[in-house]
Every structure is written in C-alpha cells, then in structure tokens.
Amino acid sequence: MYSISKKISLGKKALIAKESFINAETSPSVVTQFICPDCNHENSIEIIPYNSGFPIFQMYDKDHILSKSELLKNGMVSETSQRMIHFGELTVDDLPTLYFGTACKTCHSKYICVFSYGEKQPGLTILNISGIWKYKELE
Ligand SMILES: [Zn+2]
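The working numbering runs 623 ahead of the 1-based position in the sequence shown.
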C-alpha cells in the first residue's frame, strides 16, 4: 500500500469480491480480493479504517496525479453534495475518501484503489470501495 506521486493513466477496472461493508464488518479492518485482469491472480487487500490510504484530494489537486474530470468520468468518485462539501469536492458516497496504490503479487501490474469510510448517519458506519483500476505512470 503506497501513495502515488506521478501522473498516471488508467487501465482496466478489476473485479472485486466485496465492495461495501457496514458497522462491525469494518472493524478492525476490511479484507477483500480482486482479480488481476492481466494474469487472473486473486490478490487480497486489507483496509484499516483511519490508517489505510491517502486523501483523494492529493490526486486531483492541480491535476497532480489524475484530473477531476478523469476521476469523475471513470466513476472513481462523485461530486460531493453541498452539505458534505467539508469532506472535499469529490467523494465516494459523501464520506471522507482516500486512495492507495497496490500491485499484483504475481505479475506486478500496478493498481489504484479508491474508497470512503465514515459515519453515514448515527449508528451506520460504511466503508465503500468504488473500485480498483490498473494504472501506468506517465513520464
Ligand atoms: Zn497480475
């Protein structure tokens, strides 16, 4: 799990075993699997709430890694509703949104995972993975 520092171009979206987790399912961590579209290896990822990931803002700030329009076009995030704008302009499900990079254990293709985590309403804590996409660093 790492942060991305260069501009990237997105490739295929990977298949994820489970994308949405609520309440006790998010504690102490979320574990799911994704299939690498290049080699079909099933990779496992673990997301630890309040520990895993980097703010999605770092990706689209000055189009540093990916532009806002690319993030939206690929369904990685949505525009945040006005009353939740304190979480940033772009979020998954109006909750604090993070990303991280990871690699296929077998073929070392690089992937980016985008997810959000937070209290949707009192008593309902949600972790939603919007997806895992293959990417390449641009020069
Ligand atoms: Zn692979």
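The beta carbon of each residue, even a glycine, is placed where N, CA and C say it ideally should be. Values in this document were obtained by computation on a predicted structure and should not be read as measured data.
Between the region 670-679 and the region 650-659, the count of Cβ pairs shorter than 8 Å is three or higher; the stretches touch.
With respect to residue 757, residue 734 sits close: the two C-beta atoms are nearer than 7 Å. Judged by the Cβ position, residue 730 qualifies as a neighbour of ligand 1 at the 6 Å threshold, a heavy atom of the ligand being closer than this. Contact between residue 714 and residue 729 does not hold, since their C-beta atoms are separated by about 32 Å, which reaches or exceeds 8 Å.
When DSSP states are grouped into helix, strand and coil, residue 742 belongs to the strand group. Residue pairing for residue 680: DSSP places it in no beta bridge. Residue 637 is positioned such that its CB atom lies closer than 7 Å to that of residue 755. Here the alpha carbons of residue 724 and residue 627 stand approximately 6 Å from one another.
Excluding five sequence positions before and after residue 738, the CB atoms of its chain that fall closer than 8 Å to its own CB belong to 670, 676, 715, 720, 721, 722, 750, 751, 752, 753, given in chain order. The beta carbon of residue 635 sits closer than 6 Å to the beta carbons of 660, 757 from its chain, once the five residues preceding and following it are set aside; these are given in chain order.
For residue 643, the three-state secondary structure derived from DSSP is strand.
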